[in-house]
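Asks: Encoded as structure tokens, here's the structure I'll be asking about.
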Amino acid sequence: MSERDGGAGGHDDRERVAGNGLLDRRLFLKAGGLSGALLLAGRAGAGDEPTLLELARPAWMRTPGRTFSNYGQPAAHERGVIRWISANAGIDSNGVSWCPLHDLEGTIVPNGLHFERHHNGVPAIDPARHRLLIHGLVARPLWFTMEDLARYPMVSRTCFVECGGNSNAGWRQRPIQTAAGYFHGLVSCSEWTGVPLALLLDEAGLTRDAQWLIAEGADAFAMDVSIPVEKAREDAILALYQNGERVRPENGYPLRLIVPGWEGVLNVKWLRRLEASAEPVMARNETSRYTELLPSGKARMFTFVMDAKSLITSPSAGMQMRGPGLYEVKGLAWSGHGRIRAVDVSADGGRTWAPAALQEPVLPACFTRFRIPWHWDGSAAVLKSRATDQTGNVQPERDALVAERGRHGYFHYNAIVAWQVGADGRIHHVYA
Ligand SMILES: Nc1nc2c(c(=O)[nH]1)N[C@H]1C(S)=C(S)[C@@H](COP(=O)(O)O)O[C@H]1N2
Ligand SMILES: [Mo]
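First residue of the sequence shown? That's 0 in numbering that gives the first Met the number 0, and the numbers climb one at a time after it.
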């Protein structure tokens, strides 16, 4: 993280809005609000400083820069910003890669860093030889080439895709110590563009009994799941584009189902078949997986919607504070139920809370960036964030979540995340 050490700072006590140094969320927005509070300019950095001569005429101003490129790549100095791969030993086509949320800003995840979950690898699909079939309980079975689909009117939806198993390390007895994204980064947010599914369902003409759509992918797992027709009609799209370019192979090229706000598994990649049915197919991923035994002895299943969640991405686990002073505490919040209404932040482990600023636009089922200024006095502190969505769904404390779901859970972990800032400036994940 960047260096921030404003000493005593320019803010006064009226700007303190909660315990342990949290400041008014409007502080950074007010004209002159900073008024010397940061004063970072001209401070010596750590180690190898450029000389004044070098700054006057840097090496890269003395020769022409390199030429154009057909497809741009991140700066070489950013090569540490990567997905963290966790594939199954022996079967490396099955597993996940984690999105480095702790290294990113704003709300859109670059395509090359979108998390991945493959059950049997990324298929090498020739788009000219790929078809989408819509059949089952329909008046007219239809099939489409990718070119056919590209002729339909399209819409864009900026939304997250989150694996139902994201953050599952939170169920463990001891807090996992890893960077925020390698704990919570089975979620990413993109602008997806494609054909509203409702349009094609109308063309096929669903019969009265058609309550479910069984979606199947063209991977070597032939992954299939069932989706209620009502949701499919409401806002699902057949995505051809991801952040302006064609969907990446890892994320479903040439065609992917997007089901905004619902479990990642429903967003079938490499989509090849939609079968209208009266009943769900009872596939592996809706029976042996995604079914969870509760303390009552009942099991919950078809828990489609991803609940309200947030986490502080900076400062976060593994980062190092650069001395006492003013910092911006920032992070991401999202909910499958709709828009984020509020994010509260605590610097004293949840004793007192203050509302963070929500960066516009605040969209349904989309990452929302929150920010709040914090004066760190250099002593131990515990940072937490708590999201509330437009339906009033509030992110629970971990104890409450475990009490409700018991210890057999694996999916849908959305508890409040706590980062402990030590007096030495190091940051650890804690259950607090
Ligand atoms: N065909 C197919 N679709 C799939 C999967 C898969 O393995 N095969 N994985 C699912 C799961 S469990 C998730 S969380 C998301 C992951 O999407 P991503 O890899 O684009 O992040 O895709 C879903 N769609
Ligand atoms: Mo998933």
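Don't be surprised by glycine CBs; every beta carbon is placed ideally from N, CA and C.
(1) Check Glu161 in the structure and name its three-state DSSP category.
(2) Closer than 6 Å: is that where the CB of Cys188 sits relative to any heavy atom of ligand 2?
(3) Tell me which residue opens and which closes the alpha helix (DSSP H) that Asp147 is part of.
(4) Can you list, in chain order, the residues of its chain with a C-beta nearer than 7 Å to that of Leu357? Leave out the 5 residues immediately preceding and following it.
(5) Please identify the residue among Arg25, Asp23, Arg232 and Lys268 whose C-alpha is closest to the C-alpha of Arg247.
(6) Count the other CB atoms within 10 Å of the CB of Ile257; is the residue buried (16 or more) or exposed (fewer)?
(7) For Ala197, collect the residues of the same chain with a Cβ closer than 6 Å to its Cβ; drop the 5 residues on either side in sequence, then sort them by chain order.
(8) Starting from the N-terminal end, write out each residue whose C-beta falls within a distance shorter than 6 Å of any non-hydrogen atom of ligand 2.
(9) For a quick check, are the C-beta atoms of Ser315 and Trp170 less than 7 Å apart?
(10) Indicate, with yes or no, if ligand 1 has a heavy atom lying under 6 Å from the CB of His101.
(11) Between the segment 276–289 and the segment 207–222, are three or more C-beta pairs nearer than 8 Å?
(12) Would you mind reading off the limits of the alpha helix (DSSP H) that contains Lys230?
(13) Classify Glu359: buried if its beta carbon has 16 or more other beta carbons within 10 angstroms, exposed otherwise.
(14) Between Val108 and ligand 1, is there a pair consisting of the residue's CB and a ligand heavy atom that are separated by less than 6 Å?
(15) Please report the distance separating the alpha-carbon of Pro63 from that of Pro73.
(16) Quick one: Cα of Arg24 to Cα of Gly18, how far?
(17) Do Ala402 and Gln394 have their C-beta atoms closer together than 7 Å?
(18) State yes or no: is the C-beta of Met222 nearer than 6 Å to some heavy atom of ligand 1?
(19) Going residue by residue through the segment 226–281, where are the continuous beta strand (DSSP E) segments of at least 3 residues, counting only ones entirely within it?
Replies: This is what the structure holds:
(1) strand
(2) no
(3) Met145 to Ala149
(4) Ile339, Val342, Thr367 and Phe369
(5) Lys268
(6) buried
(7) Arg232
(8) Arg116, Cys162, Gly163, Gly164, Gly263 and Val264
(9) no
(10) no
(11) yes
(12) Val228 to Asp234
(13) exposed
(14) no
(15) 20 Å
(16) 14 Å
(17) no
(18) yes
(19) 236–241, 255–257 and 270–276
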